[in-house]
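Novice:
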Amino acid sequence: MADLKGSALMAIYAIGDVQGCYPELQRLLEKLRFDPAVDKLWFCGDLVNRGGQSLDTLRLVHSLRDNVVVTLGNHDLSLLAIAQRKQDAQARVNPELREVLFAEDAPILLDWLRVQKLLHHDETIGWTMVHAGLAPSWTLKQAQRCALEVERELASPRHPRLLKNLFGNRPAAWVSRLQGIERMRASINTLTRMRFCDVNGRIDFEGKGAPGTQKPGMYPWFEVPGMRKRDARIVCGHWSALGRFAGMGVYGIDTGCVWGGKLTALRLDGEEPQYITVDAEPHRKRLPGED
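Quick look at the structure:
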């Protein structure tokens with residue numbers, strides 16, 4: 001196997017949506033020759049759901065937590081919200097999530113997941129990570145503030161209230177006058193669910209296809225006319241129909257592993273980003289345009 005690290009002492013890799021694809025994650029870490037003594041992993045979110053082995057995935061990432069950064073995805077937040085329900089309601093979700101919810105170590109894993117980030121920025125290497133996207137009106141500092149508001153609430157004793165009111169397509173755009181739960185829901189929808197939006201940041205929650213398939217007046221979130229300039233490269237996931245993408249300072253690395261595509265890592269610490277991939281397990285079936 002070629003040495004992916006060259007002469008570097010440390011490597012930083014961002015990894016796209018795992019979604020419970022545990023065997024592929026194991027193979028990817030082997031291919032990276034990941035060394036937890038020196039290397040760092042950034043996960044773009046959606047660690048869980050649909051791949052079949054979400055519990056094993058969470059246990060693995062949690063075991064590496066001292067060397068890991070996670071930005072929460074919509075599936076991760078959904079799991080945390082379901083965990084607030086009564087046990088009979090939890091028992092009605094799909095078997096993969098039930099396995100997580102009723103595991104002996106579920107409290108440890110879920111408490112750890114709940115205090116992960118919505119946005120991560122590393123000034124040293126000039127990279128920002130988010131699960132889905134940023135509002136066109138946000139500067140990087142504004143995005144950091146909005147993410148931090150949600151992170152603090154999730155980490156506080158008040159988190160059940162937020163998680164119980166997490167779901168909803170309204171408000172569909174983040175605006176500065178929003179307050180309370182509506183403000184945080186708008187931030188969460190932007191950071192974890194955005195693909196297409198209009199010039200005011202109003203999200204099209206139904207649009208899941210590749211760029212060019214969107215409704216009139218909608219744009220990929222990174223191509224909105226008049227959007228704020230940001231002095232950092234952004235790595236994100238969430239959009240399997242976009243696939244591997246590099247443009248406008250944005251690097252998309254959700255390459256649809258759970259749908260039969262690939263699991264992708266992007267090395268961030270070099271002069272130029274380097275892609276490393278593994279193929280999905282043969283049994284996975286491609287269903288393009290999903291999230």
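Position 168, counted from 1, in the sequence shown is what UniProt numbering calls 168; the numbers after and before it change by one each time, with no gaps.
By construction, the Cβ of each residue, glycine as well, lies at the ideal position given by its N, Cα and C atoms.
Would you tell me roughly how many angstroms separate the C-alpha atoms of G226 and A135, rounded to the nearest one?
Specialist: So the two alpha carbons sit approximately 11 Å from each other.
Novice: Rounded C-beta distance between L261 and A246? I'm assuming under 8 Å.
Specialist: Here residue 261 is Gly; the residue named in the question, Leu, does not match the sequence. With a Cβ gap of about 17 Å, G261 and A246 do not count as contacting.
Novice: Along the chain, which unbroken stretches of the alpha helix (DSSP H) at least 4 residues long are found entirely within the stretch 182-268?
Specialist: Entirely contained in the stretch 182-268, not one alpha helix (DSSP H) run reaches 4 residues.
Novice: Taking its Cβ as the centre, do 16 or more other Cβ atoms sit within 10 Å of H121, making it buried, or is it exposed?
Specialist: Counting Cβ neighbours within 10 Å, H121 comes out buried, since at least 16 surround it.
Novice: If you run the structure through DSSP and keep just helix, strand and coil, what is V115?
Specialist: Looking at V115 - three-state DSSP - the assignment turns out to be coil, as it is neither helix nor strand.
Novice: Which residue comes first and which comes last in the alpha helix (DSSP H) that contains T57?
Specialist: Element bounds for T57: S54 to S63.
Novice: Cβ of V150 within 8 Å of Cβ of S187?
Specialist: Result yes, Cβ atoms of V150 and S187 sit closer than 8 Å.
Novice: If distances are taken between C-alpha atoms only, which option among A37, A14 and L79 comes closest to A28?
Specialist: Position check: residue 28 holds Leu in this sequence, whereas Ala was assumed. Answer by Cα proximity: A14.
Novice: I think Q116 touches H75, with their Cβ atoms under 8 Å apart; what is that distance to the nearest whole Å?
Specialist: Not a contact, Cβ separation roughly 13 Å.
Novice: Which residue from W259, V258 and R244 puts its Cα closest to that of G252?
Specialist: It is R244 whose Cα lies nearest to the Cα of G252.
Novice: Between Q84, T255 and R230, which has its C-alpha nearest A241's C-alpha?
Specialist: Minimum Cα distance to A241 is reached at T255.
Novice: Count Cβ pairs between the stretch 139-146 and the stretch 43-59 that sit closer than 8 Å; are there 3 or more?
Specialist: With the cut-off at 8 Å, the stretch 139-146 and the stretch 43-59 do not touch.
Novice: Quick one: what's got a C-beta closer than 7 Å to E24's C-beta in the same chain, skipping five residues either side?
Specialist: The residues are C257, L263, V278, A280 and E281.
Novice: For the stretch 192-205 against the stretch 167-178, do three or more pairs of beta-carbon atoms, one drawn from each stretch, fall closer than 8 Å, so that the two count as touching?
Specialist: The stretch 192-205, when compared against the stretch 167-178, does touch it at the 8 Å Cβ threshold.
Novice: Note down, in chain order, each residue of its chain lying with its Cβ closer than 6 Å to the Cβ of D17, except the 5 sequence neighbours on either side.
Specialist: So the qualifying residues of the chain are D46, G237 and D254.
Novice: Per DSSP, which residues does W42 bridge with? Please list them.
Specialist: According to DSSP, W42 bridges with A14 and V69.
Novice: Would the stretch 179-195 and the stretch 269-276 be scored as touching if the rule is three or more Cβ pairs under 8 Å?
Specialist: Counting Cβ pairs under 8 Å, fewer than three are found: no touch.
Novice: Could you tell me the boundaries of the alpha helix (DSSP H) in which I82 lies?
Specialist: First-last of the alpha helix (DSSP H) with I82: N74 to I82.
Novice: Please state whether DSSP places D88 in a helix, a strand or coil.
Specialist: Helix.
Novice: Between which two residues does the beta strand (DSSP E) harbouring V150 extend?
Specialist: It is not in any beta strand (DSSP E) - V150 instead sits in the alpha helix (DSSP H) that spans L140 to A155.
Novice: Excluding the 5 residues preceding and the 5 following Q53 in the sequence, name in chain order all residues of the same chain whose CB lies nearer than 8 Å to its CB.
Specialist: The residues are G20, C21, Y22, P23 and E96.
Novice: So what does DSSP say about V48, is it helix, strand or coil?
Specialist: Three-state result, V48: coil.
Novice: Determine the contact status of R233 and G249, defining contact as a CB-CB distance below 8 Å.
Specialist: A contact, by the Cβ cut-off of 8 Å.
Novice: What do you reckon, are the CB atoms on F43 and V70 nearer than 8 Å?
Specialist: Contact: yes.
Novice: What separation, rounded to the nearest whole angstrom, lies between the Cα atoms of T190 and E223?
Specialist: About 15 Å.
Novice: Please classify residue 292: does DSSP put it in a helix, a strand, or coil?
Specialist: Because residue 292 is not part of the residues shown, which for the chain are 1 to 291, the question remains open.
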